[in-house]
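One structure is given below, encoded as structure tokens.
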Amino acid sequence: MKKNRLMAMAMAGAVVMSMAACGSNAAPEKAATEAAKETAAATEAAKDGASAETKAAADTSDVSNASNVAPEIPDGATVIKLGTTVNEQDSFQIAAVKFAELVQENTNGAYAIEIHPNGDLGGERDMLESMQMGTLDMGIVTSGPFVNFSQDMGVLDMPYLFANKEQAYAVFDGEVGRELLDTLEGSGLKGLAYAERGFRNLTNNVRPIEKAEDLKGLKIRVMENEVYQKAFEALGVNATPMAWADCLTALQQGTVDGEENPINVINSYKLWESQKYVTLDGHSYSTAIITMSLDKFNSLDADTQKVFLDAAQQAAEYERAWVADQEAGQLQAMKDNGMEIVENPDVDSFKEAVKSVYDAYPQYDEYVKKINEVIATVG
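Counted from 1, the sequence shown has number 175 at position 164 by the working numbering; the numbering is strictly sequential.
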């Protein structure tokens with residue numbers, strides 16, 4: 012529980028610090044976190060026509076007992092369909108359930124969230140395209156596919172952009188994060204808040220990876236994202252982009268040597284069944300965006316829009332705390348199931364190898380500068 016209290020305090024501090032650094036017109040709200048016994052909430056005004064978008068602090072005191080079962084849909088509720096590509100043990104399910112609980116509670120049952128996990132509504136890019144067309148209401152989607160809908164979003168996938176989670180939270184929960192989400196509106200998407208996928212790490216079934224040169228020649232699955240592909244090519248990898256569902260099959264059949272994902276994913280999908288080695292290189296902090304069809308969002312009245320925005324932010328913070336709470340146990344489970352974990356690789360060798368990726372994407376220089384300015388206020 013002490014760990015939970017510290018995490019809740021750290022996240023709240025990151026949110027407040029990022030808002031102060033950006034000079035936003037934030038008005039305080041009351042929101043007690045029982046675990047931390049701290050009042051650390053803030054409201055950040057964001058541009059959305061005449062209405063204000065707000066962010067409220069989440070109660071993360073019960074994350075150790077988080078539910079992955081969605082509340083029952085009450086009679087007469089307007090049903091909002093939300094899709095994910097992951098299973099019910101994944102952190103996205105935790106975020107989706109918390110979001111559903113908050114929306115239902117704060118609209119007095121007028122709205123209910125119907126959660127569809129396991130890729131039932133398509134892959135991540137499929138879901139985003141469905142939201143564009145208005146045939147899907149919502150989804151929780153990793154950052155990778157968003158570059159196909161807003162070029163600026165590609166900056167989030169630049170390698171070794173963040174050194175720790177506090178830096179990432181300060182950026183995503185502040186002005187820069189909202190500015191990036193707003194770029195999605197040109198593609199008919201509404202970004203509500205940033206949940207967490209986590210720092211991505213390497214796995215493979217060939218050899219332990221201690222330094223960058225150990226990767227050379229390996230065939231590694233990467234997300235369907237040009238930045239990721241170039242980063243791994245710079246490391247001497249045969250980078251193979253493919254959808255996650257296809258990756259699981261490829262790992263089992265041995266047609267790829269490895270992949271890269273956060274600890275939560277490695278654990279929840281029992282990748283020890285096909286992968287022997289894990290390297291905690293943290294090459295990318297992968298966020299996940301709670302996303303809505305812009306048309307669906309605009310169909311809501313202003314009060315309901317605020318409920319959805321607040322619920323998304325609180326669900327995102329809750330999921331982040333859950334990820335942190337679970338991580339040590341997940342690492343131990345990986346070890347118990349025979350995975351060899353390189354906990355302190357030569358990260359500097361990886362950073363040196365991928366410098367060329369920054370040179371290849373000058374279009375991200377302005378956002379990289381903005382992000383680094385926020386990071387400087389956090390340390």
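We treat Cβ as the ideally placed atom computed from N, Cα and C, and that holds for glycine.
The structure presented is a predicted model; accordingly, all values stated were derived computationally and were not measured.
Cα-Cα separation between residue i and residue j, rounded to whole angstroms
{"i": "glutamate 377", "j": "glycine 188", "result": "14 Å"}
{"i": "glutamate 83", "j": "glutamate 207", "result": "25 Å"}
{"i": "alanine 344", "j": "threonine 71", "result": "24 Å"}
{"i": "glutamate 186", "j": "isoleucine 151", "result": "21 Å"}
{"i": "serine 62", "j": "alanine 313", "result": "Confidence at serine 62 is low in this model, with a pLDDT of 37, below 50, so the placement of that residue is unreliable and no value is reported for it."}
{"i": "glutamate 135", "j": "serine 154", "result": "10 Å"}
{"i": "asparagine 129", "j": "cysteine 258", "result": "14 Å"}
{"i": "alanine 111", "j": "glycine 228", "result": "45 Å"}
{"i": "alanine 223", "j": "aspartate 321", "result": "42 Å"}
{"i": "tyrosine 375", "j": "glycine 209", "result": "22 Å"}
{"i": "glycine 120", "j": "valine 114", "result": "8 Å"}
Nonlocal neighbours in the same chain, by C-beta distance under 8 Å from residue i, ignoring five residues either side
{"i": "isoleucine 231", "result": "Leu213, Asn215, Phe243, Val248, Asn249, Ala250, Thr251, Val267, Asp268, Gly269, Glu270, Glu271"}
{"i": "glycine 197", "result": "Ser161"}
DSSP state of residue i mapped onto helix, strand, coil
{"i": "tyrosine 280", "result": "coil"}
{"i": "alanine 327", "result": "helix"}
{"i": "serine 161", "result": "coil"}
{"i": "alanine 322", "result": "helix"}
{"i": "serine 295", "result": "strand"}
{"i": "threonine 54", "result": "Residue confidence for threonine 54 is low, a pLDDT of 33 falling below 50, so the modelled location carries little weight; the figure read from the coordinates is stated next. Here threonine 54 sits in strand by DSSP."}
{"i": "methionine 149", "result": "strand"}
{"i": "isoleucine 386", "result": "helix"}
{"i": "leucine 246", "result": "coil"}
{"i": "threonine 71", "result": "coil"}
Environment of residue i [buried if 16+ CB atoms lie within 10 Å]
{"i": "glycine 340", "result": "exposed"}
{"i": "aspartate 347", "result": "exposed"}
{"i": "glycine 349", "result": "exposed"}
{"i": "alanine 387", "result": "exposed"}
{"i": "glutamine 286", "result": "buried"}
{"i": "alanine 256", "result": "exposed"}
{"i": "asparagine 278", "result": "buried"}
{"i": "serine 297", "result": "buried"}
{"i": "glycine 87", "result": "exposed"}
{"i": "aspartate 359", "result": "exposed"}
{"i": "valine 166", "result": "buried"}
{"i": "threonine 95", "result": "buried"}
{"i": "proline 85", "result": "exposed"}
{"i": "glycine 265", "result": "exposed"}
{"i": "serine 102", "result": "buried"}
{"i": "glutamate 140", "result": "buried"}
Identified DSSP bridge partners for residue i
{"i": "arginine 208", "result": "Answer is none; arginine 208 lacks a bridge partner."}
{"i": "methionine 169", "result": "Answer is none; methionine 169 lacks a bridge partner."}
{"i": "serine 304", "result": "Leu200"}
{"i": "arginine 232", "result": "Thr251"}
{"i": "asparagine 272", "result": "Asn212"}
{"i": "glutamate 237", "result": "The partner list for glutamate 237 (beta bridge, DSSP) is empty, contrary to what the question assumes."}
{"i": "leucine 93", "result": "Ile126, Met149"}
{"i": "isoleucine 352", "result": "Val289"}
Chain-order list of residues whose beta-carbon lies under 7 Å from that of residue i (same chain, five-residue window excluded)
{"i": "isoleucine 220", "result": "Leu213, Leu226, Tyr288, Thr290, Val353, Pro356"}
{"i": "tyrosine 369", "result": "Met169"}
{"i": "aspartate 163", "result": "Leu191, Thr194, Tyr378"}
{"i": "tryptophan 283", "result": "Met345, Asn348, Gly349, Met350"}
{"i": "leucine 147", "result": "Lys92, Gly94, Leu132, Met138, Ser141, Ser304"}
Beta-carbon contacts of residue i that lie in its chain and below 6 Å, excluding the five residues immediately before and after
{"i": "lysine 201", "result": "Met303, Leu305, Phe308"}
{"i": "lysine 109", "result": "Ala326, Tyr329"}
{"i": "glycine 24", "result": "Note that glycine 24 scores 39 on pLDDT, short of 50, meaning its location in the model is unreliable; the coordinates nonetheless yield the value given after this. For glycine 24, where only same-chain residues beyond five positions count, there are no Cβ hits under 6 Å."}
Contact with chain B by residue i, beta-carbon distance below 9 Å
{"i": "lysine 307", "result": "Reference to chain B is not applicable here, since this structure consists of a single protein chain."}
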